[in-house]
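Worksheet for the structure shown next.
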Amino acid sequence: MSATAFTLPAARSNSFARTLRIFLTEARFEFVRLLRTRAFSLAVIGFPVIFYLFFGLIMNRGEHIGGVSVAKYMLAGYAVFGMVGASLFGIGGGLASELSTGWLELKRASPMPPFAYVVAKCCSAVVFGLIIVTLLTLLGITIAHVSITPSEYARMMALTLVGTIPFACLGMVIALLVPFNAAPGVINMIYLPMSFCGGLWIPIMMLPHVLQKFALLLPTYHLSQLVLATFGYASAGSAISHWFGLLGFTLVMLGVAALAYRRLEQNS
Amino acid sequence: MSAVLDPIQATPFTTSSPAVATLSHITKRYANGVLALDDLSLTLHRGEIVALLGPNGAGKSTAVKLLMGLSAPTSGAVRIFDADPRHAATRLRTGVMLQVGKAPEMLRVREHINIFRGYYPNPVPYADLVRAAGLEGIESRMFGQLSGGQKQRALFALALAGDPDLVFLDEPTVGLDIEARRGMWAEIRSLAARGKTVLLTTHYLEEADALAHRIVVINKGRVICEGTPAEVKSLGAATTGTSTSRTLKIIRCVTEVSNSTLLSIPGVTAAELTAGVTVISSTEPERTLRELLALDQNLHSLEVQSPALEDAFLALTSN
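Same order as they appear, the protein sequences are chains A and B. Just so you know, we're using the working numbering here: the first sequence kicks off at 1 and counts up by one. Just so you know, we're using the working numbering here: the second sequence kicks off at 1001 and counts up by one.
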C-alpha cells in the first residue's frame, strides 16, 4: 500500500469504467435507501394509490369527459400527482437533509463526480414514478376496466421519465432555499395546492375560471395535459404549448437553483 | 528544530520532507463580511501528523474546507500535491472525515464502505478497512442504528477507503470510549509511519499532545504559535514571562521564601502563591531548585512538572 503513495491515478479507460460504475452504484443505493425509508416509500406510493382509489374509482359513476372515461381521465391526474410527489420528496427532501447534516459536503470532498449525486436522485425519483404509475394503471384496469393500450402505457412511462425533471429542479430549489426542518412542510405547501390547481384531483374545467387561467403557470397542469393527450383527450392547449410550459418552468427553476447554490457556496 | 524533539515524539519525517499541502497567505472573508482567515500560511509535510488547535470560531474548519477544495479563498493560494484541491486527481489522493450530523441512515455500514471504496482506483481491501476502523460485527447494521462512537468509526473507515496520501480528520475521536480512542490513535500513527500525512483538528488537547508531531495553534484566523507539543507548551507558559526557553518547568512547593526573592532567583519567570502552595515557572529549573533549596531548609511538598498543553493553549488564545 505504501509503495503506491506517490504514483498517478489509473489509466484513462479504467477511469471511464470506474466513473460509470460510480453512477450506477450511487443510483442503486439511493433507490435502496429511499425504499428502506418507510416514511418516504409508503407515503409517496400510498397517497396517489389511495386518492385514485377513492376519487377516481369509488366515486366514479361511469361518466365520460371529452370522450375519455372518468376513471381513465383521473388516472392521468393521479399518475402525475404520484410522480410529482416522488420527485419533490425524493430529491427535495433528500437534498435538504443531506445539506444540513454535512453529508453532501463529505460527498463533494470525495472523488465522486458531483453529477453522479444528482443523477442518482433523479433516477430514483423516476423509478418511484414508474412504480406509482404502474400501480395506478393496474388498479384502473382491474377495478374500473379502464382500457389502456400498450402504446399508451409506454408513452405514460416516457412522460414519467421526462416529467420528473421539472419537479426535480423545483425540489432542488426548495432544498437550497428552505431550512432543513421546514423543508417537508414547505414541500407539502407547494405540492398539494399545485396539484389541486393543476387539475390533478378534480378535472381542470370544474375549477373556477380564475384558477383555470392560473393553471397555465403550473407544471402540474402541463404535464397532466400531456398525459391526457396520450389517452386521446383533446386538451385546451396544443402539445407544443405544454412542452414549452414545462421547459420554461424547468429553466426558471434551474436559474433560481444556480443562484441559491452560489449564495450557499459563498457563505460556506 | 529536530534538536529539541522530545524522544517520545521522535518522528520519521523532517521539515525537509516534500510539502504535501500548502496554504499560502490565505485570507478568507465570507459574503457576510466575517473575516475567517487572516493571512494564514500552513504547510503539511509527508509523513507528519499535524494538529490544528484553536477555540471555536478560530478558523479551523475554514482552513480544512479550503484544503479540501470545498471553499475558495478570498486571496492566497491552496495547493495539494502541487495541484488544485478541486481536481479529481487530487481528490483521489485525499481522504476526509468531517463532523457529519448523520450519514444516510438506511444504508448498512458495509454498503457505505463499499460505495466509498468504489470511488478510488486502488481502494484498501474491505476486510482491512473494517479491521482498521474496528467495525467487525456491526457491518450489517444500518448507519442509523449505530452508537455515536460506532458512527465515528464508520466515518473513519470512509476517510481511509481510498488509501489516501493525505487525510483530514475533523474531531475524529468525539464520542469514542477510551479503548476505541486508543485504537484510532494507533491507526493514525500507523498511517504516518507509512508516509501518509494527517491533519487533525481536535478539542482534546491530550490527543494533540499524544498524537501530533507538530501543533499549530490558530486564533482569529491567524497562526499564533507552531511547533512540537513540547515547544508549544513552553511557548504558552512563557507568554506570561519574558523568556522563550524550551526547558520551562513548573515548580510547586510550600515555602517561606517571599515572592520578590523568588523572582530574583536565576531562571524564574513567574511566581505565585495560591492556597498555601507557591507555583514557580522557571526556564532553568535545576539552577532555580538548587538556589531555592539552599534558601529554605523547611521547603516541602516539592513537585516539578512540564507545563500542560492546556495551560499553554489557554495562555496563547486568551486576549
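Quick reminder that beta carbons are idealized off the backbone N, C-alpha and C, glycines included.
Looking at the backbone, the Cα of A/R108 and that of B/L1070 are separated by about 7 angstroms. Residue state for B/N1114 is assigned as helix, using DSSP reduced to three classes. Taking 8 angstroms as the threshold, the shortest C-beta distance from A/I22 to chain B falls below it. Of all alpha-carbon atoms in B/W1185, B/R1117, B/G1175, B/L1129, the one lying nearest the alpha-carbon of B/G1101 is that of B/G1175. The beta carbon of B/G1059 sits closer than 6 angstroms to those of A1036, L1037, I1218, G1221, all from its chain and outside the five residues before and after it, given in chain order.
For the pair A/A120 and A/L24, the Cα-to-Cα distance works out to about 8 angstroms. In chain order, I45 place their CB closer than 8 angstroms to the CB of A/I131, counting only its own chain and leaving out the 5 sequence neighbours on each side. Taking the Cα positions, B/L1273 is about 19 angstroms away from B/S1306. Between the region 1038 to 1055 of chain B and the region 1190 to 1199 of chain B there are three or more C-beta pairs closer than 8 angstroms, enough to call the two in contact. Not a single CB atom of chain A sits nearer than 8 angstroms to the CB of B/N1056.
Nearest CB-CB separation between B/K1060 and chain A: not below the 8 angstroms threshold.
At a Cβ-Cβ threshold of 8 angstroms, A/G102 and B/L1098 count as neighbours.
When beta bridges are read from the DSSP output, B/K1028 appears opposite B/L1037. B/A1271 carries a strand assignment under DSSP once its states are collapsed to helix, strand and coil. Our two residues, A/E105 and B/A1103, have alpha carbons roughly 11 angstroms apart in a direct line. When 8 angstroms is used as the limit between beta carbons, A/M112 is near these residues of chain B: Y1119, in chain order.
B/A1031 and A/Q266 do touch by the CB rule: their CB atoms are close to 4 angstroms apart, below 8 angstroms. Under the 8 angstroms criterion on CB atoms, A/N181 is classed as non-interfacial with respect to chain B. DSSP links B/G1227 through a beta bridge to B/I1215. Taking a C-beta distance under 8 angstroms as the contact criterion, A/H222 and A/L251 do not qualify as a contact pair. Close partners of A/G102 in chain B (Cβ separation under 7 angstroms): L1098, Q1099, V1100, G1101. The three-state reading of DSSP puts B/E1206 in helix, counting H, G and I together. Collapsing the DSSP output to three states places B/T1255 in coil. Look at A/H209 here: in three-state DSSP terms it is helix.
Secondary structure note for B/E1139: it is in no beta strand (DSSP E), with a DSSP letter that is neither H nor E. Think of a sphere of 7 angstroms around the beta carbon of A/L106: the chain B residues whose beta carbon falls inside it are V1096, L1098, V1100, in chain order. Taken atom to atom, the span from the alpha-carbon of A/V186 to that of A/P114 is near 26 angstroms. Under the Cβ criterion of 8 angstroms, A/F29 is counted among the residues facing chain B. In the DSSP assignment, A/F81 falls within the alpha helix (DSSP H) that extends over 70 to 87. Within chain A, the residues Q266, N267 have their CB atoms less than 8 angstroms from the CB of B/Y1030, given in chain order. For the region 1180 to 1193 of chain B, no residue has a beta-carbon sitting nearer than 7 angstroms to a beta-carbon of chain A. According to the DSSP assignment, B/G1095 belongs to the beta strand (DSSP E) that extends over 1094 to 1097. Against chain A, a Cβ distance below 8 angstroms from B/R1091 picks out A109, S110, P111. Taking a 10 Å sphere around the C-beta of A/N60, we find 16 or more other C-beta atoms and assign the residue as buried. The beta-carbon distance between B/R1079 and B/T1022, rounded to whole angstroms, is 5 angstroms. This is short enough to meet the 8 angstroms contact definition. Per the Cβ contact rule, the region 171 to 186 of chain A is not in contact with the region 148 to 163 of chain A (fewer than 3 Cβ pairs under 8 angstroms).
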